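S.K.: Quick note: the sequence shown uses the numbering used here, first residue 905, plus one each step.
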Amino acid sequence: MTKIKIMSVRDEDMPYIKAWAEKHHVEVDITKEALTDDNVEGVAGYDGLSLSQQIPLSEHVYKRLNELGIKQIAQRSAGFDTYDLELANKYNLIVSNVPSYSPNSIAEFAVNQAINVVRHFNQIQTKVREHDFRWEPTILSKSIKDLKVAVIGTGRIGRVVADIFANGYQSDVVAYDPFPNAKIATYVDYKDTIEEAVEGADIVTLHVPATKYNHYLFNAELFKHFKKDAVFVNCARGSLVDTKALLDALDNGVIKGAALDTYEFERKLFPSDQRGKTLNDPLLESLIDREDVILTPHIAFYTEAAVENLIVDALDATLDVLQTGDTRLRVN
């Protein structure tokens, strides 16, 4: 019987793994550990491997996987920047991802968080906890219908975000993407540059993959193009945003607030239980302490549909490689 090892498993993954294994008559062994130099020998005897890796692998791990007969790594996320694809190629490892596991889950969350910032949710909750139930100008907000929204990146997720704002809230939606989406071009005004897209927007929401070419895409220079009372939303990747520049923009009144579901130095923290511990991350603590920032731990995707799709698609890709030598989800 084919044997697959699946690592970094969470409790909510279990029923979907069990159902997939029974359906395909494959033995799937589970561990909650991530793959490291210390436990790579535990992959011996398996045919396939699925990971949800947050920390990069050393060359030793790539080399040992090859020596142990592993042909592939099925990553359970859309992002695969954790992997060194040159090393994967060097050691004949096919790396796959799950490019679309629940665009609606992430899009819905992004829209919800944008509205929470616009409607002063943090400030209102602070007042309520203090038993201050007054209506005051500090929590007066605009209607979402009256706002201009800039969607940066209109792929699977960004397209849904644009649709919700344009057709759900009747907002004026502009967008920037090097490859405009014809399906939404009838109700979205595409701009030629990212600067042109963010200028005048009340909400700027980011939905692009992380690459080596767009690190700190949102930096001090770009924030200067923002409308003074704009809201910034990042439910994409942390490396796209210079956090120090974002904090400066907030401190200096360049922008009004931010909703962040990802953070550039999150890998050792999201997801984990840090209660009672010192974070040793002043930047992150600054974000957490701000009333004008809503920070969540990379959780926009976290719905039942997304969890199931991540498991099923990753294990399908693993089996595809074992049976055919390739998978449509490979990234190298």
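From the three backbone atoms N, C-alpha and C, an ideal C-beta is built for every residue, glycine too.
Predicted, not measured: the structure shown is a model, and the values here were computed from it.
1. Mind listing, in chain order, the continuous beta strand (DSSP E) runs of no fewer than 3 residues lying wholly within the segment 1141-1206?
2. Please state the DSSP three-state secondary structure of Ala-948.
3. Apart from the five residues just before and just after Leu-969, which ones in its own chain have a Cβ nearer than 8 Å to its Cβ?
4. In terms of alpha-carbon separation, which member of Asp-1093, Asp-1106, Ile-1028 lies closest to Ile-1048?
5. Please tell me whether, using a cut-off of 8 Å, the distance from the CB of Tyr-1094 to the nearest non-hydrogen atom of the ligand NAP is below it.
6. Helix, strand or coil for Ser-1045 per DSSP?
7. Please look up how many angstroms separate the CB atoms of Ser-1006 and Ala-1209, rounded, as I've assumed it's under 8 Å.
8. What's the gap between the Cα of Asn-1118 and the Cα of Gly-1161?
9. Which residue comes first and which comes last in the beta strand (DSSP E) that contains Asp-942?
10. Do the CB positions of Asp-1067 and Ala-1079 come within less than 9 Å of each other?
11. Taking buried to mean at least 16 other C-beta atoms within 10 Å of its own C-beta, is Asp-1081 buried or exposed?
12. Is it buried or exposed, Gln-957, if we count other Cβ atoms within 10 angstroms and call 16 or more buried?
13. Please look up how many angstroms separate the CB atoms of Arg-1060 and Ser-1004, rounded, as I've assumed it's under 8 Å.
14. Across which residues does DSSP place Thr-1109 in a beta bridge pair?
15. Mind checking which residues open and close the alpha helix (DSSP H) that includes Ser-1009?
16. Output the boundary residues of the beta strand (DSSP E) element that contains Asp-1076.
17. Where do the ends of the alpha helix (DSSP H) carrying Val-1064 lie?
18. Give the single residue among Ile-1028, Gly-973, Lys-1052, Val-1053 whose Cα lies nearest to the Cα of Pro-1041.
19. Any contact between the segment 1125-1141 and the segment 1007-1022? By contact I mean 3 or more CB pairs, one from each, below 8 Å.
M.R.: Taking the geometry as given:
1. 1161-1164, 1197-1199
2. coil
3. Val-944, Val-947, Leu-953, Ile-977, Tyr-995, Leu-997
4. Asp-1106
5. The ligand NAP is absent from the structure shown, which contains no ligand whatsoever.
6. coil
7. 5 Å
8. 23 Å
9. No beta strand (DSSP E) holds Asp-942; DSSP gives it neither H nor E.
10. no
11. Buried, since its Cβ has 16 or more Cβ neighbours within 10 Å.
12. So Gln-957 counts as buried.
13. 5 Å
14. Paired residue(s): Val-1055, Val-1137.
15. Looking at the DSSP string, the run of the alpha helix (DSSP H) that includes Ser-1009 is 1007-1022.
16. 1076-1080
17. That run of the alpha helix (DSSP H) goes 1060-1067.
18. Ile-1028
19. Yes: the two stretches touch, three or more of their Cβ pairs being nearer than 8 Å.
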